[in-house]
Structure formats: C-alpha cells, structure tokens
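Protein sequence lines, in the order shown, are assigned to chains A and B. Residue 408 is where the first sequence starts when you use the numbering used here, and the numbers rise one by one after that. Residue 157 is where the second sequence starts when you use the numbering used here, and the numbers rise one by one after that. No residue lacks a Cβ here, since even glycine has one placed at the ideal position from N, Cα and C. It should be emphasised that the depicted structure is a prediction, and the values quoted were computed from it without experimental measurement.
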Amino acid sequence: MKAKDLLGRRGEELAAEYLESLGMLIVERNWRCPDGEIDIVALDGDALVIAEVKTRRSLAYGHPFEAVGADKLARLHRLGSAWCRDHGLRLPLRRVDVIAVLDDGVGKPTVEHLREVL
Amino acid sequence: MALGRAYSVALVGLNGYIVEVEADIGQTLPAFVLLGLPDASLNEARDRIRSAAQNSGIPLSRRKITANLVPASLPKRGSGFDLAIAMSVLRAAEDIRPTGRTVFIAELGLDGRLRPVRGILPAVMSAVQAGFHDIVVAHANAAEAELVPGAKVRGYRTLARLVFDFGADPQELVLDLAPEDEPAGTEPVSVDAPAPDMCDVSGQAEARRALEVAAAGAHHLLLTGPPGAGKTMLAERLPGLLPDLRDTEAMEVTAIHSLCQLPSAGVQLVRRPPFENPHHSATAAAIIGGGSGLPRPGAASRAHRGILFLDEAPEYERRVLDALRQPLESGELVIHRSAGAAAYPARFQLVLAANPCPCGKASGKGLECTCTPFMRRRYMSRMSGPLLDRVDIQLQVDRVSLADFGQSGGAEDSAAVGARVLAARASQLQRLQPWGMETNSQVPGRILRGELRLAAATTRILDHALERGVLTARGYDRVLRLAWTLADLAGREQPDGNDIGQALSLRQTASAAA
C-alpha cells in the first residue's frame, strides 16, 4: 500500500470513530459501485448520512474541504441514491457530510466536520 | 454566525454612493460568493483578496464566505472595493476589530500591497458629503484624497499594516515587504511643457484682439482661414490667457481627470484650465463620453472649465458636432447606457477652426481655389446653424503679411494680455453676481435687454441692423454680449457706440454668410 493510501485509510478510521462518538451508527464503509465510492455510510437518527472523508498531511496544498467541489458533491448525491437502490431501502431523509482530517504524523490529528453540505 | 461590515464608495459618473459591504461566514464547504451586481473586474476581487490575505499572514476563513454589496441594485465596477470586502471578511472572522464608519477604497495586489485606483477624488468627496470622514486609501492615492476638505485620510502601503492598526494579531503578519519588490511605477512621466505664448504670434492684430475678447468673456470662437494662417497656433494660445481656476472649479476639473487617469506621484489640484484637442476622426462617444456599462467622460468633459478645440471642424462627423449643442446649453452631459446614466459636467469654451473650403484657398479673392461654390457651401454647412448660433465670435483669419512676418518681437506676451483678461473677469463677476453668473457669455438676452439695457443712442447701429434684417434677434444679443466684454476689457462701466461697432466686426463671417 502506498503512503497516501495509508494516510487516507487512517483518516477514514479517525472519521468513523468521530462519527460514532457523535452517536451515529456506521452502516457501511468503502462501498463501491461503477460510479464511485462512498467512504462512510452512517445513520444519524432517521437520517442516512453519506460521508466523504478528506485527509491531508498539511495545509500546503490547500484545506481538505477545498478539495470537495460541486461535481464531487453531485456524485455523492447520486451514490447515495445508488446505495439505497442497491440495498432496497427507501430513506427519504438523506444528507451529505464532509469530514476533514489533518494528520501530520507527529501531533494529534484534527478532525473537522461539516454537516449537511448538500 | 459571524457578520462583518465595512464601507466603500461606488461611483456613477462623478457622483459617489456609499456602499456597505456585509460579509458572512457560513459553516459549509469553502466558497467565496460576491453579491450585489459586481462586474467582471469586481468578481475577480475574490481571488485577489484570498491571495492578498494569505500573503499578508492573515488568511481568510476556510468556510463559505458571502460578501454582499448594499445597495444591491446599484451596479458596481472596478477594483476599488477589494479593500472594503477584505476588511469586512476579516471582521466577520473576528480577526480585526470593527471598522466603524471608515471608508476603504483601494485595490489589492496579490502580495497584499494596496494599489491605487481611479476616481479617488470624486469618491472621497462623495464620502465626506455623506458624512463619512475617515478614509483609508492606498498610499499612492493619499495625496489626491487629501485634497478634499474635511477628509481624514490615511494612506497605507500594505494590507498587513492596515489590519495591524485594526487590532490583528501581529505574530503572523507579514508587516514589511521587501522594498526591491516594489512594482515599477505605471505612472506616466509628465513633463510640463511651457504653455505656448502670445508673443510667438506675428501680426494678426485682429485675431489677437478676438482671442483676448474670447478669453475675457468666455465666448465661443470660430476661426476660419486658409491653411497656414495660424488658426491652430492662435487657438493653442487661448488657455494661456485664461485666469487660474478657482477652488471649486479646480476640484471639479481634478475630479474628472482623476476618473480618466491613474494617479501619478505628485497629485495636486489642476489649477490651469484644461485644453482638449481631439482629432477630427473622433466619434461621438470619444467626444461626449461613453463606453459599455457605465459611460466614461469624453473630451468635452475633460475640457470642463477649459477649452475644447476642434481643429478642422467641418471634417468632424456632423452628429458629433451636433452632440455638443446640449452641453453648450446646459454645461452638463447626461449619458445613458445599459448599466445606468452618468452625468458629467461639461462647461467648456468651444474653439472651432475651419478652412474656408475643401481646398483651403478660398480666402481673399480666392483665385486659386478649385472648389465649386456648391462644394464650398456644403463644406461650411457641416457646422450646423444651431451650433454656429452659439458661437459668439466668428472671425476670418488671413495669411500673415510679409510686413508683419518680418517683424519679430515687440508682440505682447500672454502675461500682459492675461492680466487684462483677469481684470475684465473681475468686473464681470461683480456685475453679474446678482444673477449667479460669472461671464458675459452666460448672460441671456432677457437680461441684456432688461436690467442691463443700454441707452438707445448707443445701440442705434444695432437697432438699425435689426430693422433692416441684417441681424437676427439672437445675433443682436450676441453683439451685445461681446460689447459688454469689450467694455470690461477697456475698463468702462458700460459699452459705448464704439464697443458695439467693434463687436459687430467680430462677427464678420457670420454676417457675410448670412
């Protein structure tokens, strides 16, 4: 595994722990379909949460949040529908969250969470 | 929910409106949204501000920034809002303390430098009128902004220095930019060429006299004559005869010039009447002002309180010449474009120069002229009647004679003539003050034939000419105006019969054409 993939995996791990600490239920991780991948699928009460995790070592190439553009959000929305279809579920309350993890490998990683960006 | 607020000024023509910039930082994905009818250069402000803040050591929030320019319905353009937007966003993030009623007008460089913008003088004037006295501008604009009485101007070189003064944490700030990075000046090097002097003109006693009268009474002037007679030379010497602009006039002129050019280092009030000399291929938009979006001032407005010289006047497009009738009447140009209407002052003294015919030889006996009478008539008729109607002095300039040409020196210089003009202006002002006018050229016929009526014995030749139909009613008034100026130049209380006679002779081509 390459270093960048290791970093991403560690970030997703941290993000999942963080969501659980908020009382959410992690339903599935790294769900893939031909259109792409959902990092974390979780349930927050009645709402289905499609979470995208972005991990960076530093801010040198911009903040992780800045890497989530309009097309990425649109895809996450589509993937949310696809996930529901795939599991035969009808969940009208659906939202997309974005989680930024900053981990320089030395200090304690920071996790930032934006709820309902779409 | 954080909200920041800062003020700036939007210029519509020469009128400025206070614009309130509100900034809000929302808890969602990073974005920078600019609301309130920004144009392209203003929309680019988002990227300039982000870089400038980053490079000043006070990066903007990495959340969704919404900046709104109120009133939203007023179209805004240009880069002068950069600083106000940056300050409101930084305030929204609570990086600085509230800016209160301070007005910010400057463009931001990517390195965090404050760069000068056009139109600082009218913008600051409007801000002070609206009750906003604290003004922050780029250092290069400070001298110009300080011309406005009542403005407390602070000029800054960098964003970092400015936010430091507004209480930003100095630890991260990049306070000192390397001086060698100072961008090369974009300012043109202005060389003040000495104004051409009257003593260069040999002979042409009549034309010299006409020029003096035109300067004294601010009368519009038409010079016709063959090529080489010295029409252009004479016209270029008219500004040198005019008195310095007074404070209010100087502010108006400087404000227009501030809109037209980027500030140079040593900005000061324009004290000398401007001289605009557009080429005859100029379009109506170039002369009266125009352009897409909000119109910009043209040559007529740049000649405000000075001289608009149209050399080879019949060569201009007719509609360009006729477009000048409105400002000649009202002293103002209102130009409408998609983004709104702008009003620019345009109270200029019009000087027209023309050849007598297309080949230019139809003066004197005109034996060498190859033009048909029809061509000649059509050439002169390009200057429409209504336009020429407003030109008080219409003078034929002939080629200088050998006797005069040989004589060099001895001619009066501009300073001596200018002194007489100044005295004549003073007596006009004193007489015309009750009606709120300054020069004889402004006096309407109603007053000339009413309160300022001359004795019947004095105006006998005129009355006679009117009776015989040689002179129109409007022509009658114009002769009266000129006569008053002649009397003012001679230091007489009132025009006498002699002045009337001379005034008649200053309109010779018009009567010849009639």
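Next on the checklist: At the level of alpha carbons, what is the spacing between B/Gly234 and B/Asn199?
Outcome noted: 9 Å
Item to check | C-beta contact flag for B/Ala166 and B/Gly172 at 9 Å | outcome: yes
Next on the checklist: Our contact map puts B/Leu618 next to B/Leu627 with C-beta atoms below 8 Å; I'd like the distance itself, whole angstroms only.
Outcome noted: 7 Å
Next on the checklist: Applying the 10 Å Cβ sphere with the 16-neighbour rule, what's the burial state of B/Ala612?
Outcome noted: exposed
Next on the checklist: Suppose contacts are defined by Cβ-Cβ distances below 9 Å. Is B/Glu178 in contact with B/Ser282 by that definition?
Outcome noted: no
Item to check | C-alpha distance - B/Val345 paired with B/Pro483, whole-angstrom precision | outcome: Since pLDDT at B/Val345 reaches only 47, below the 50 mark, its modelled position is unreliable, and no value is offered.
Checklist entry - Considering only residues of the same chain and omitting the five flanking positions on each side of B/Arg393, which have a CB-CB separation below 6 Å? => result Pro352 and Met354
Item to check | Range of the contiguous beta strand (DSSP E) that encloses A/Gly443 | outcome: Gly443 to Asp451
Item to check | Whole-angstrom distance between B/Glu263 and B/Leu225, CA atom to CA atom | outcome: 16 Å
Item to check | Cβ of B/Gln327 within 9 Å of any chain A Cβ | outcome: no
Item to check | C-beta contact flag for B/Thr404 and B/Val426 at 9 Å | outcome: no
Item to check | Buried or exposed by the 16-neighbour rule on C-beta atoms within 10 Å, applied to B/Val189 | outcome: exposed
Checklist entry - Name the chain A residues whose beta carbon is nearer than 8 Å to that of B/Arg233? => result None at all; the shortest Cβ gap to chain A is about 27 Å.
Checklist entry - Does DSSP put B/Pro434 in a helix, in a strand, or in coil? => result coil
Item to check | Inter-residue Cα distance where the pair is B/Ala236 and B/Val273 | outcome: According to the sequence as given, residue 236 of chain B is Gly; it is not Ala. Rounded to the nearest angstrom, the two C-alpha atoms are 6 Å apart.
Checklist entry - Is there contact here, the segment 528–546 of chain B with the segment 509–518 of chain B, by at least three beta-carbon pairs under 8 Å? => result yes
Item to check | Own chain, CB closer than 7 Å to B/Val573, minus 5 neighbours either side, in chain order | outcome: Met354, Glu368 and Leu397
Checklist entry - Do we get a CB-CB distance below 9 Å when we pair A/Leu480 with the residues of chain B? => result yes
Checklist entry - Listing by chain order, which chain B residues have their CB less than 7 Å from the CB of A/His484? => result In chain order: nothing, as chain B lies at least about 14 Å away.
Item to check | Distance, B/Ile241 Cα to B/Leu315 Cα | outcome: 12 Å
Checklist entry - Are the C-beta atoms of A/Tyr455 and some chain B residue less than 9 Å apart? => result The amino acid at residue 455 of chain A is misidentified as Tyr; the sequence shows Leu. It does not; no Cβ of chain B falls within 9 Å.
Checklist entry - Just the Cα atoms here: how many angstroms apart are B/Gly275 and B/Met593? => result 29 Å
Next on the checklist: Can you tell me whether B/Thr641 is helix, strand or coil according to DSSP?
Outcome noted: helix
Next on the checklist: Please identify the residue among B/Arg616, B/Ile443, B/Leu246 and B/Ala201 whose C-alpha is closest to the C-alpha of B/Arg475.
Outcome noted: B/Ile443
Checklist entry - Does the count of Cβ pairs from the segment 633–647 of chain B and the segment 589–609 of chain B closer than 8 Å reach three? => result yes
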